Amino acid sequence: MATEIDIASSNTQIPVVNRKRRLCTIIKTSVALLIIAAGLTPTIIRLTRKTNTTTETMMNTTVSFTTTTVPTDITSLITKENSPTTISKTTTTSVSLTTLSSTTSTTTTVTTSTTKPFVLQIFQRTNEVVYPIWNTTLGRDSSPSSPGSKPGTYWPSQPSEAALDGNLSSEYCNYGFCNASGPLQDGCGIQTGFYITFKNKPFILVKFRIATSKNSASRDPTQITIEGSNIEESDLIFGKSWTKIYNGASGLATKDPGRQKYGNNQTITNNSLSFESYRILITSKRGREYCVAYSEFEMTGRFPD
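Numbered per the working numbering, the sequence shown spans residues 1154 to 1458.
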């Protein structure tokens, strides 16, 4: 007897056997899907983890790359890559600087080695004429002095040549406005002196010193003037022929060195000037006496090259 199916009551009704089969198929399919899903899940998880790891690695790499993009690192990389060129340039600069330094040092050495020290010498009179003068002041005409015992004279045995003979036993004594019989005054022997012309060539006076006479210390000169000239000897009587090079202490003012002794050396500041003739004038002495006297006027200097 055939089974009747009520199609009108349900469009999806299926025979019982078929429904069981369908259910089994669905269950088997579901189980299969679950098994497949269960099998794929670790792979997906692993892939996801790998993806995350890759992402993290990429992120880390990016961060690391970003870190290495700091200017200092880039400069280091560029320096490492280009180190041969940089070293070459640095070496070239160093050599250049070393060469310049060496050249400068050499130049200085050559300059120093070619500089000759000045050789000073004491003037020693030979046959030069020493002209005694009196009543003479700086820049004015000279008045000749003669041997005698009256004003304007010098003691006959103590002439002006004695001041340049290198002998401390001799001396030059000039009365100036006074005479040998007195009275003793501060002004006696003031504005007296001498001048001399060098026969060989001009002389550069660098320093001088004066030696005292054998007599009273009151005769010692304490202040003097020195002038130089390159005018003809015959015109040296005129004051306009002279140029002042010194006006100051004689080296005997502060302390009496004793009789027939040298005083302190006095330096001429403008010692580059050379002159053929020199004029020395006494402008003050130590005390009251009827003359000014000194045994030596020592001149130290050099002759121009």
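Glycine included, each C-beta is placed from N, C-alpha and C at the ideal position.
Quick caveat: nothing in here was measured; it's all calculated off a predicted structure.
Check: Given residue 1272, which residues of its chain have a CB within under 8 angstroms of its CB, disregarding the five upstream and five downstream residues?; Outcome: 1455
Check: Got a sec? Which residues, its chain only, sit under 7 angstroms from residue 1414 by beta carbon, not counting five neighbours each side?; Outcome: 1364, 1365
Check: Report all residues from its chain with a CB closer than 7 angstroms to the CB of residue 1321; omit the five preceding and five following residues, and keep chain order.; Outcome: 1364, 1413, 1448, 1449
Check: Can you tell which of 1176, 1427, 1274 has its C-alpha closest to the C-alpha of residue 1355?; Outcome: 1427
Check: So what does residue 1338 bridge to, in DSSP terms?; Outcome: 1442
Check: For residue 1300, which residues from the same chain have a beta carbon less than 8 angstroms from its beta carbon, with the 5 sequence-adjacent residues on both sides left out?; Outcome: 1306, 1307, 1308, 1309, 1312
Check: In angstroms, rounded to a whole number, what distance separates the CA positions of residue 1409 and residue 1372?; Outcome: 11 angstroms
Check: Are there 16 or more other CB atoms within 10 angstroms of the CB of residue 1385, so buried, or fewer, so exposed?; Outcome: exposed
Check: Check each candidate in 1402, 1289, 1406, 1374 and name the one with the smallest Cα separation from residue 1326.; Outcome: 1374
Check: Tell me which residues share the same chain as residue 1285 and place their Cβ nearer than 6 angstroms to its Cβ, disregarding the 5 neighbours each side in the sequence.; Outcome: 1298, 1307, 1313, 1347
Check: In terms of residues, what are the limits of the beta strand (DSSP E) holding residue 1412?; Outcome: Per DSSP, residue 1412 belongs to no beta strand (DSSP E) and is neither H nor E.
Check: Starting from residue 1326, trace the beta strand (DSSP E) both ways and give me its first and last residue.; Outcome: 1325-1327
Check: Is DSSP giving residue 1282 helix, strand or coil here?; Outcome: coil
Check: Touching or not, the segment 1334-1354 and the segment 1431-1441, by the rule of three or more beta carbon pairs under 8 angstroms?; Outcome: yes
Check: Alpha carbon to alpha carbon, how far is residue 1407 from residue 1290? Give it in angstroms, no decimals.; Outcome: 24 angstroms
Check: What is the C-beta distance between residue 1292 and residue 1397, in whole angstroms, given that I count them as a contact (C-beta under 8 angstroms)?; Outcome: 7 angstroms
Check: Using only the alpha-carbon positions, how far apart do residue 1287 and residue 1323 sit?; Outcome: 20 angstroms
Check: Assuming residue 1397 is part of the beta strand (DSSP E), what are its boundary residues?; Outcome: 1396-1402
Check: With which residues is residue 1374 paired in a DSSP beta bridge?; Outcome: 1438
Check: Residue 1316 lies in the beta strand (DSSP E); which residues open and close that run?; Outcome: No beta strand (DSSP E) holds residue 1316; DSSP gives it neither H nor E.
Check: Under three-state DSSP, which class holds residue 1182?; Outcome: helix
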